[in-house]
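K.L.:
Residue numbers (numbering that gives the first Met the number 0): 0 to 99. Pasting a structure here, questions to come.
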Amino acid sequence: MKKKVLILVNHDIVIYNFRRELVERLLDEGYKVYISSPYGERIDNLVAMGCQYIKASLSRHSINIFGELNLLIYYIKIIKVIRPDVVLTYTIKPNIYGGI
């Protein structure tokens, strides 16, 4: 069974521009890579590489308590469904809520 890596990020450019080599290496090593991010123009490139995409609804600048609570609940749900071996988080909101 392939090991699973879940990457939580608030913008697709972050993962594509700064962590693409890591994603490529994980895929080459046989990991199943899931990326949760709001949809952006780089997502199709990541999917073409072999990643599984899970759309996240989050606002990078919002501090609405209900939106933040929904994001936390969303992360809990996808972690329970995917059951990743490793969760990597980048950028502030995924770092905070993905680590809870």
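All residues carry an ideal CB built from backbone N, CA and C; glycine is no exception.
(1) Assign Ile34 to one of three DSSP states: helix, strand, or coil.
(2) In the DSSP assignment, the beta strand (DSSP E) including Tyr52 goes from what residue to what residue?
(3) Going by DSSP in three states, Lys151 sits in which element: helix, strand or coil?
(4) If you compare alpha carbons, which of Leu87, Ile53, Ile91, Pro93 is closest to Val80?
(5) Tell me whether Leu87 sits in a helix, a strand or coil according to DSSP, three-state version.
(6) Helix, strand or coil, according to DSSP, for Arg41 in the structure here?
(7) At what residues does the alpha helix (DSSP H) containing Ile62 begin and finish?
(8) Can you name the start and end residues of the alpha helix (DSSP H) that Arg24 belongs to?
(9) At the level of alpha carbons, what is the spacing between Tyr30 and Val13?
(10) Using a Cβ cut-off of 7 Å (strictly closer), state whether Tyr15 contacts chain B.
P.N.:
Looking at the coordinates:
(1) Three-state result, Ile34: strand.
(2) Looking at the DSSP string, the run of the beta strand (DSSP E) that includes Tyr52 is 51-54.
(3) The structure shown has nothing for residue 151, since the chain only spans 0 to 99.
(4) Ranking Leu87, Ile53, Ile91, Pro93 by Cα distance to Val80 puts Ile53 first.
(5) When DSSP states are grouped into helix, strand and coil, Leu87 belongs to the strand group.
(6) Coil at Arg41, not helix or strand.
(7) Secondary structure note for Ile62: it is in no alpha helix (DSSP H), with a DSSP letter that is neither H nor E.
(8) Here the alpha helix (DSSP H) through Arg24 covers 19-27.
(9) Spanning the two alpha carbons is a distance of roughly 20 Å.
(10) This model lacks chain B altogether, as it is built from one protein chain only.
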